[in-house]
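K.L.:
Let me begin by handing over the structure; questions about it come next.
In the numbering used here, the protein residues as written are 33 to 592.
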C-alpha cells in the first residue's frame, strides 16, 4: 500500500469513528457494567450453585460454560440500563453453574430447575432490543471435555528458550476452543509459524492457514487494535520466546504434547498424580537440582538501601510478636483456672474415672523450632507486570527483606527457585541451603531470571524431601507463585491443580505444612482449589507481600 493510500484510509477511518463509532460508544458507556469489580461475586455464586469448584473465564465469545469454567464477557452494554446489564451477568452465571451441575448443554432446559428464572428473562428481553437473550449467553460446550485429545509424543528434550531483551507485552482477550497446531518438534528458530496478516493501515484478516518464518521484529503496539478485534483460534506451541507477547487466557483443544518413556532423563525422579486414574505415575517427573553460585553484590547493597525502612519495620513487628505470651492450657500450676479442664475433670469424676489434675492456665513464651524453605516461582509468568512492577523483581526484593528479618529469628531456613521445561526438565535452583549464612547467600537473588514453565508439583515434592532431613518441631514451605500450574507437556487446568493438591496432602501427612502467597488477584479463584483455608495469602499489591510473609512466619513461630 502506498503512503498516500494509507493516509486516505486512516483519515476515512477517523471520520467514521467520529461520526458513528464514538456516539455509540458514549451511549454504551452510560449503561456499561464491567466484569472486573464483580468478578469475585460471580465466582462465589457459581461455586455455590454448581456445588463444586469452578473457575470464571473472561472471554467475549458467546459460550455459556464447559465442564469446569463459567464463561463471562469483559463487559455487558447491550441492555438499555446498567441494572439490566448487571442482571445479564447474574443470569448467565446462574445458568452456567446449573449447566455444570446438571451437565445440560441447552440453557433453556434449565428453566425447570428454577421457575422464577422464566419471568426474569421475560422481563429482561425487551431491554435487549433485537438481541436474543439465548444467543447472547450461548450454549454449554461439554462435548470436547470427554473427547480423546490428539497426543503427540516428543522424542527429544530441547533446551529452554532464552528471554530476549526489550520485550513488548499487551493483555489480550480470553479465547475458547483454540486449536493447537501440529508442528515438527525439532524446528529451528526460523521454523514456519501460522501467520495472521495485518496491513499497516490497521486492517486485518482471520487466520488463513499460511505460514511464515519468524523474525525478531517487534510490531505488537502497531497491531494492538487489530489484535483486539481478532478471534485468534489457532496457535502453535513452541519454546521460542518472542519479542512481542500477546498475553491471553485460552481454552485449548486438539494437540497434547507428551514425552515418550524412551526420552533421555536424568536427575531425581518423583511421581505425579493422575486424578482421572486416581493413582500416581511413578518416576514421572525428574528434578534437576542446581546450586545458584553467581551473585550480584551491587544489587544486594542497593536493595538493602532501598528497603531499609521496610526491613526495620518488619524487624520491630516480628520482635513484638516474638515477645508476646501465649495461653498454655491444662497446666499443673498457674494463676487462673482452665474452665474446660475443670468441667472435663468433674465429668470424669462423676463417671467413675480419675480426673486430670492439670486444671490451670499459664502464660508463657513458647517459640517453635522451625525449619522453613522459601520456594519461589521462577517461570516466565513472573516476567509479567503488576502495578508497574515486574513480578520477578518484586519476589526477589521481597525475599531479600524477609531473609534479612528471618535470619535473626530462625536458624534453619533455605531459599530455592523452580521452573520447568517438560516433566523431564524440572529445574530446582538452591539459592540458600539450610546451613548457609544468609549474608553470603542474599546477593544470589540478584542474578535470578525468569525461565521456563510452572510445574509446581515436582518442586513441592523435592522441597518436602529436603525438609524431611531437617530435625525441627515444625516444618513449612512458603510458596510464592501465581498459582497457575502449566508446562510444555500436559500440566494445565485440572490436571495440574489436582497434582499440586495431592503433593500438599502428602507433605501434610509427613508433618510439612505449605503456605502459598500470590500477588495476582485472580489467584482467588484457583488458590482455594489447591491450598487449604488459612494456608494461603493473596496480597493486594507487591508492597504488601513482605509483611504478609513475615506475618505468616510469626504465626507459625509462636505456639497456639
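Where a beta carbon is used, it is the ideal one built from N, C-alpha and C, also for glycine.
Contact check, residue 414 vs residue 482 under 8 Å by CB: the rounded distance?
P.N.:
Sure, about 5 Å apart at Cβ, within 8 Å.
K.L.:
Would you call residue 500 buried or exposed, if buried means 16 or more other Cβ atoms sit within 10 Å of its Cβ?
P.N.:
Answer is exposed; the Cβ neighbour count stays below 16.
K.L.:
Pick helix, strand or coil for residue 393, following the three-state DSSP scheme.
P.N.:
In this structure, residue 393 counts as strand in the three-state DSSP scheme.
K.L.:
What whole-angstrom Cβ distance do residue 125 and residue 74 have, given they're in contact under 8 Å?
P.N.:
The Cβ separation is near 5 Å, so the contact holds.
K.L.:
Taking the alpha carbon of residue 349 as the reference point, which residue from 331, 440, 308, 410 has its own alpha carbon closest?
P.N.:
Residue 349 has its Cα closest to that of 440, out of 331, 440, 308, 410.
K.L.:
Return helix, strand or coil for residue 243, following the three-state DSSP convention.
P.N.:
At residue 243 the pLDDT is 48, less than 50, meaning the model places this residue with poor confidence and gives no usable figure here.
K.L.:
Buried or exposed: where does residue 577 fall if 16 or more other Cβ atoms within 10 Å of its Cβ makes it buried?
P.N.:
So residue 577 ends up on the buried side.
K.L.:
Taking residue 443 as the reference, give the member of 405, 298, 560 with the closest Cα.
P.N.:
It is 405 whose Cα lies nearest to the Cα of residue 443.
K.L.:
May I ask you to list the residues that DSSP assigns as paired with residue 449?
P.N.:
Answer is 408, 461.
K.L.:
For residue 520, which three-state DSSP category applies?
P.N.:
Note: residue 520 maps to coil in three-state DSSP.
K.L.:
Once you ignore the five residues that flank residue 143 on each side, which residues in its own chain have a CB closer than 6 Å to its CB?
P.N.:
The residues are 149, 150.
K.L.:
Given a threshold of 16 other Cβ atoms within 10 Å of its Cβ, counted over all protein chains shown, does residue 83 qualify as buried or as exposed?
P.N.:
Answer is exposed; the Cβ neighbour count stays below 16.
K.L.:
Looking at the unbroken beta strand (DSSP E) that takes in residue 323, where does it start and where does it end?
P.N.:
Segment 311-323, the beta strand (DSSP E) holding residue 323.
K.L.:
Compare the Cα-Cα distances from residue 465 to each of 479, 449, 530 and report the closest residue.
P.N.:
Checked all of 479, 449, 530; the closest Cα to residue 465 is 449.
K.L.:
Do the segment 463-480 and the segment 503-515 meet, that is, are 3 or more Cβ pairs less than 8 Å apart?
P.N.:
Taking 8 Å as the limit for Cβ pairs, the verdict is that the segment 503-515 does not touch the segment 463-480.
K.L.:
For residue 103 versus residue 89, is the C-beta distance shorter than 9 Å?
P.N.:
Yes. Within cutoff.
K.L.:
So, for residue 331: in the same chain, excluding its five sequence neighbours on each side, which residues have a beta-carbon less than 6 Å away from its beta-carbon?
P.N.:
Only 478 meet the Cβ criterion.
K.L.:
What would DSSP say about residue 558, mapped onto helix, strand or coil?
P.N.:
In the structure shown, residue 558 sits in a helix (DSSP, three-state: H, G or I).
K.L.:
Among 528, 346, 484, which one has its Cα closest to the Cα of residue 559?
P.N.:
Among 528, 346, 484, the Cα nearest to that of residue 559 is on 528.
K.L.:
Report the partner residues of residue 417 according to the DSSP bridge assignment.
P.N.:
Residue 417 pairs with 422.
K.L.:
If you drop the 5 nearest sequence neighbours on each side, which residues of the same chain put their C-beta closer than 6 Å to that of residue 87?
P.N.:
Within the same chain, residue 87 has close Cβ partners 101, 557.
K.L.:
Which residue comes first and which comes last in the beta strand (DSSP E) that contains residue 546?
P.N.:
Run containing residue 546: 544-550, per the beta strand (DSSP E) assignment.
K.L.:
Which runs of the beta strand (DSSP E), 3 residues or longer, sit entirely within the segment 127-175?
P.N.:
List check, beta strand (DSSP E) in window: nothing returned.
K.L.:
If you draw a straight line from the C-alpha of residue 352 to the C-alpha of residue 283, how long is it?
P.N.:
Roughly 48 Å separates the two Cα atoms.
K.L.:
Verify whether the separation of the beta carbon atoms of residue 368 and residue 392 is less than 9 Å.
P.N.:
Result yes, Cβ atoms of residue 368 and residue 392 sit closer than 9 Å.
K.L.:
Which residues does DSSP pair with residue 352 in a beta bridge?
P.N.:
Per DSSP, none; premise fails for residue 352.
K.L.:
Going by CA-CA distance only, name the one from 508, 547, 489 that's closest to residue 524.
P.N.:
Ranking the options by Cα distance to residue 524, first place goes to 489.
K.L.:
Please find out if some non-hydrogen atom of the ligand SAH comes closer than 8 Å to the beta-carbon of residue 300.
P.N.:
Among the ligands in the structure shown, none appear at all, so the ligand SAH cannot be discussed.
K.L.:
For residue 300, report the span of its beta strand (DSSP E) as first-last.
P.N.:
Unbroken beta strand (DSSP E) run through residue 300: 300-306.
K.L.:
Check whether the Cβ atoms of residue 418 and residue 551 sit closer than 9 Å, and answer yes or no.
P.N.:
Contact: yes.
K.L.:
Where do the N-terminal and C-terminal ends of the alpha helix (DSSP H) with residue 77 fall, by residue?
P.N.:
Start and end: 71-82.
K.L.:
May I ask you to report which of helix, strand or coil DSSP gives residue 339?
P.N.:
Coil at residue 339, not helix or strand.
K.L.:
So, at 6 Å on beta carbons, what are the nonlocal neighbours of residue 535 in its own chain, with the 5 sequence-adjacent residues on each side left out?
P.N.:
Same-chain partners within the cutoff: 489, 492, 493.
K.L.:
For residue 146, count the other beta carbons within 10 Å of its own beta carbon; 16 or more makes it buried, fewer makes it exposed. Which is it?
P.N.:
Under this definition residue 146 is an exposed residue.
K.L.:
Round the Cβ separation of residue 460 and residue 587 to the nearest angstrom and send it over; I've been treating them as touching at under 8 Å.
P.N.:
Their Cβ separation, rounded to whole angstroms, is 27 Å, which puts residue 460 and residue 587 out of contact at 8 Å.
K.L.:
The alpha helix (DSSP H) that contains residue 527, what's its start and end?
P.N.:
From DSSP, the alpha helix (DSSP H) with residue 527 extends over 525-541.
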